[in-house]
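K.L.:
Following this message is one structure expressed as structure tokens.
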Amino acid sequence: MTWTDERVELLKKLWTDGLSASQIATELGGVTRNAVIGKVHRLSLSGRAKPAAAPVARARKPAATTSNGRQMPAASRPQPTMQRPLVAGNTALKPLVQPMAEPRRMLRATGGDDVVVPISLHATILTLTEQTCKWPIGDPNSEDFHFCGQRSNSGIPYCEYHSRIAYQPVNDRRRERKLVVGA
DNA sequence: CCCTGATTCGC
DNA sequence: GCGAATCAGG
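Each residue of the first sequence is one higher than the one before, counting from 1 in UniProt numbering.
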């Protein structure tokens, strides 16, 4: 993938909007979060709103050699200054995607299994990753719409509970259960 | 373990 | 310039 003007612009927008590098990478497609971060640095738009933040000097690896046989010219490495960083990292000011706190609900299946439905984490489309439950909750047309957001096993789009609903065995004859889903 | 951004350096 | 590897940290 190449960094076209459009992609760079989108990157800038999403980054300043406070999205994480991995989220931006997903949004852009064809790039990893490392690529995004690298580009962000090259564009010099790293510190997302941290006017007076002291630069954080990071010492990397003490090791002198890597598997490639790289040698670190330790003498030429920039030395840490005496400055005491006020804050490390810029994650703190990252704007919350969800301003509204929703009362959490517990739902139960009504079939008698007495299975507890996971608490909704109010995940949005941008919050979802490879291993967050993508079970939709609520009316997609509503502001309140969100996803389950529970951790799911690798490669499985739903959490344990919602997998059961999603992948009900077809052979279980007359096992129909009216399930209260969504909110 | 999942995630976050930061950094280095071979390409 | 690019981004994988690797780091430190939550």
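C-beta atoms are modelled at their ideal positions from N, C-alpha and C, and glycine is treated no differently.
Below 8 Å on the Cβ atoms is my guess for residue 184 versus residue 27; work out the distance and round it to an integer in Å.
P.N.:
With the chain running from 1 to 183 in the structure shown, residue 184 is simply not present.
K.L.:
Taking residue 184 as part of the alpha helix (DSSP H), name the residues at either end of that continuous run.
P.N.:
In the structure as shown, the chain starts at 1 and stops at 183, and residue 184 therefore has no counterpart that could be examined.
K.L.:
My output table needs one value for residue 137: the three-state DSSP class, helix, strand or coil.
P.N.:
DSSP places residue 137 in strand when its eight states are reduced to three.
K.L.:
Expressed to the nearest angstrom, what Euclidean distance is found between the alpha-carbon atoms of residue 39 and residue 18?
P.N.:
Each residue's Cα considered, the two are about 16 Å apart.
K.L.:
With distances taken from CA atoms, which of 42, 44 and 132 is nearest residue 149?
P.N.:
The candidate whose alpha carbon is nearest that of residue 149 is 132.
K.L.:
If you measure between the beta carbons of residue 138 and residue 147, is that distance less than 7 Å?
P.N.:
It is not a contact, given that the beta carbons lie outside the stated cut-off.
K.L.:
Check for me: the alpha helix (DSSP H) holding residue 165 runs from which residue to which?
P.N.:
Element bounds for residue 165: 160 to 166.
K.L.:
Just to confirm, are residue 8 and residue 25 a CB contact at a threshold of 7 Å?
P.N.:
Contact: no.
K.L.:
Report all residues from its chain with a CB closer than 8 Å to the CB of residue 33; omit the five preceding and five following residues, and keep chain order.
P.N.:
If we look at residue 33 and ignore the five residues flanking it on each side, its Cβ neighbours are 20, 21, 22, 24 and 25.
K.L.:
Indicate the three-state DSSP secondary structure (helix, strand or coil) for residue 132 in the structure shown.
P.N.:
Strand.
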